[in-house]
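Participant: Okay, handing you the structure first.
Number of protein chains: 2
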Amino acid sequence: MARHPQYDRGEALHKAVGLFWEKGYHGSSMKQIEQTLDMRPGSIYAAFGSKDGLFSEALASYAERGGEELAAHMQKFDSVVDGLQAYLRNIAYSCAGTCPSKACMVVKTLLETSHTHSTLARQANEVLAAIETTLTSLLEQAQARGELDKNVDCGRLAMLLQAQIMGLRAIAERGLSGDQLADLANDMASILEPYRARH
Amino acid sequence: MARHPQYDRGEALHKAVGLFWEKGYHGSSMKQIEQTLDMRPGSIYAAFGSKDGLFSEALASYAERGGEELAAHMQKFDSVVDGLQAYLRNIAYSCAGTCPSKACMVVKTLLETSHTHSTLARQANEVLAAIETTLTSLLEQAQARGELDKNVDCGRLAMLLQAQIMGLRAIAERGLSGDQLADLANDMASILEPYRARH
DNA sequence: TCCTTACTTGAATGATCGATCAACAACACT
DNA sequence: AGTGTTGTTGATCGATCATTCAAGTAAGGA
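For the record, the sequence lines run as chains A and B. Under the numbering used here, the first residue of the first sequence carries the number 1, and numbering increases by one thereafter. Under the numbering used here, the first residue of the second sequence carries the number 1001, and numbering increases by one thereafter.
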């Protein structure tokens, strides 16, 4: 019994992700947000409550999309380890494209807000913990299948893997060449080799 | 024929490093800077020109201190590879302490400013490039001494090593336990093993 | 002692920050 | 068509942003 919003909420969030991912929380002003979303302050505040609320939803949206991409990627591989190695190489490849930023938005948020905005820092932390859990499950699954050595501590290896992803995407922000990044991703993929089960 | 400054420039810069390292560029206001340095705006602007200028000098000071620490650390080791492995473990240990932030200030600066403040981003980039060069030299020296395999691409290994350091210090910002961090640092140190020369 | 020079102080600047709200517009219902 | 509800608009809010500057203060040289 009333009027429809003329914006699409998902589309607005997608645009917000683009801005926040590129410029960060403190680096994005409401004026820039208004321009990016093509919405006026009243609509933005009615839809998302506050700048914090919008950022929080954008971060959640980003994380969800990332999780879906990882799941979709892994589904293409019979071997978990092969899939994870390809995932690393894929990051290097996609960093050559024109994303808002090379570095991961979650990591950028964690580093930016850990001492200035505890709510957002906690959210970023939870996302990273969830990714760690996902990686651990994948590795345990690989271990159960006999892909990984029985003595491997999967939680520990998941942490090593997450650190690789964070390091790779952070160093990509330096603007390295595609070849350098591809070499690095290959070297990181090789790190997993010693953990494979020996037949 | 005039008055002396009553502040100590080096000490002021040290305090500025503490604030900027913790809160970042956009997260530190002039009011906070005034309180941290115990200086009034006029003095700050007379001494450093602008907030940007102060940040730039603070970043340079941080980088110089980091470089000196690495050099001092490496001098304690006969083997370069042993020294670098210990360096990684040392990061995990020192992250347990009470630094302004666990993550590296240079990386935080790069990620925060790469799309909002090109001057600072460029400076952070140059610092990282200098570290990469230092690591490459160390590894080449190790290779000349027969510590590393002759086929190792030292520039490429330096990049892998830098990515480890960035990843380790970034993931430390999650607030992991000392044990978890120590395990991770050990796993990263092990990455260097396959690059050693086989006798 | 007095003058010059340099450093310090704190109020004030205009700009921009995130956020609010009254007025208006559009659609779904009776 | 009339009415109630909800989305949109843009001016406007006080707060805070980085920065400036005139006035005051301390110390070296004559």
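Idealized CB from N, CA, C, for every residue including glycine. Keep in mind it's a predicted model, so treat the numbers as computed, not measured.
Which ranges would you report for the alpha helix (DSSP H) in the stretch 124-193 of chain A if only whole runs of at least 4 residues count?
Facilitator: Correct list: 154-172 and 178-190.
Participant: Need the endpoints of the alpha helix (DSSP H) that residue 1228(B) sits in, please.
Facilitator: Outside the displayed span of chain B (1001 to 1199) sits residue 1228(B), for which this structure offers no information.
Participant: Would you list, in chain order, the members of the stretch 1005-1030 of chain B that have their beta-carbon closer than 8 Å to a beta-carbon of chain A?
Facilitator: 1022, 1023, 1024, 1026 and 1027
Participant: For residue 1079(B), count neighbouring C-beta atoms within 10 Å of its own C-beta (all shown protein chains included) and say buried if the count is 16 or more, exposed if not.
Facilitator: On the second sequence, residue 1079(B) is found 79 positions in, with the first residue counted as 1. Its Cβ having fewer than 16 others within 10 Å, residue 1079(B) is exposed.
Participant: When the distance is taken between beta carbons, is residue 1103(B) closer than 8 Å to residue 1147(B)?
Facilitator: The residue given as residue 1147(B) occupies position 147 in the second sequence. The residue given as residue 1103(B) occupies position 103 in the second sequence. A distance of 8 Å or more separates the beta carbons of residue 1147(B) and residue 1103(B).
Participant: Within the stretch 1010-1041 of chain B, note down every full alpha helix (DSSP H) run reaching 4 residues or more, in order along the chain.
Facilitator: 1030-1037
Participant: Assuming the contact rule is C-beta atoms closer than 8 Å, residue 1024(B) and residue 132(A) should be a hit. Round their C-beta distance to whole Å, please.
Facilitator: By 1-based counting over the second sequence, the position of residue 1024(B) is 24. By 1-based counting over the first sequence, the position of residue 132(A) is 132. 25 Å between Cβ atoms; not a contact.
Participant: Residue 191(A) touches chain B at which residues, Cβ-Cβ below 7 Å?
Facilitator: Here residue 191(A) refers to the residue found at position 191 of the first sequence. The answer, in chain order, is 1191.
Participant: Does the beta carbon of residue 114(A) come closer than 8 Å to any beta carbon on chain B?
Facilitator: Within the first sequence, the letter at position 114 stands for residue 114(A). Yes, contact with chain B.
Participant: Find the residues of chain A that neighbour residue 1180(B), judging by a C-beta separation of less than 7 Å, and give them in chain order.
Facilitator: In the second sequence, counting from the first residue as 1, residue 1180(B) sits at position 180. Ordered by position in chain A, the residues that pass the 7 Å Cβ test against residue 1180(B) are 159.
Participant: According to DSSP, is residue 122(A) part of a helix, a strand, or is it coil?
Facilitator: In the first sequence, the residue the question calls residue 122(A) occupies position 122. Correct three-state label for residue 122(A): helix.
Participant: By Cβ distance below 7 Å, which residues in the same chain neighbour residue 100(A) in space, the five residues on each side in sequence not counted?
Facilitator: By 1-based counting over the first sequence, the position of residue 100(A) is 100. The residues are 18, 21 and 22.
Participant: Hey, out of 1184(B), 1138(B), 1034(B) and 1119(B), whose CA is closest to residue 1073(B)'s CA?
Facilitator: Mapped onto the second sequence, residue 1073(B) falls at position 73. It is 1138(B) whose Cα lies nearest to the Cα of residue 1073(B).
Participant: From this set, 1011(B), 1026(B) and 1003(B), which residue's C-alpha is nearest residue 1115(B)'s C-alpha?
Facilitator: Residue numbering aside, residue 1115(B) sits at position 115 when the second sequence is read from its first letter. Nearest of 1011(B), 1026(B) and 1003(B) to residue 1115(B), Cα basis: 1026(B).
Participant: For residue 87(A), which option in 197(A), 195(A) and 189(A) has the closest C-alpha, if you only look at C-alpha atoms?
Facilitator: Indexing the first sequence from 1 puts residue 87(A) at position 87. Cα-wise, what sits closest to residue 87(A) is 189(A).
Participant: Check residue 1196(B) in the structure and name its three-state DSSP category.
Facilitator: Walking along the second sequence from the start, residue 1196(B) turns up at place 196. Correct three-state label for residue 1196(B): strand.
Participant: Taking C-beta pairs closer than 7 Å, name the residues in chain A that residue 1097(B) reaches, listed in chain order.
Facilitator: Indexing the second sequence from 1 puts residue 1097(B) at position 97. Result: empty, since nearest Cβ-Cβ is about 15 Å, beyond 7 Å.
Participant: Would residue 1187(B) and residue 156(A) qualify as a contact pair, given that the criterion is a beta-carbon distance under 8 Å?
Facilitator: To locate residue 1187(B), count along the second sequence from 1; it is residue 187. To locate residue 156(A), count along the first sequence from 1; it is residue 156. One thing to note: residue 1187(B) has its Cβ within 8 Å of the Cβ of residue 156(A).
Participant: Once the 5 residues before and after residue 162(A) are set aside, which same chain residues still bring their CB inside 8 Å of it?
Facilitator: Locating residue 162(A) in the first sequence gives position 162, counting from the first residue. Same-chain partners within the cutoff: 128, 131, 132 and 135.
Participant: Among residues of its own chain, excluding the 5 on either side of residue 1054(B), which ones have a beta-carbon nearer than 6 Å to its beta-carbon?
Facilitator: The residue given as residue 1054(B) occupies position 54 in the second sequence. So the list reads 1016 and 1048, once near-sequence residues are dropped.
Participant: Enumerate in chain order the residues of its own chain whose CB-to-CB distance from residue 150(A) is below 8 Å, with the five nearest sequence positions on each side excluded.
Facilitator: Counting from one through the first sequence, the residue named residue 150(A) turns up at place 150. Only 143 and 197 meet the Cβ criterion.
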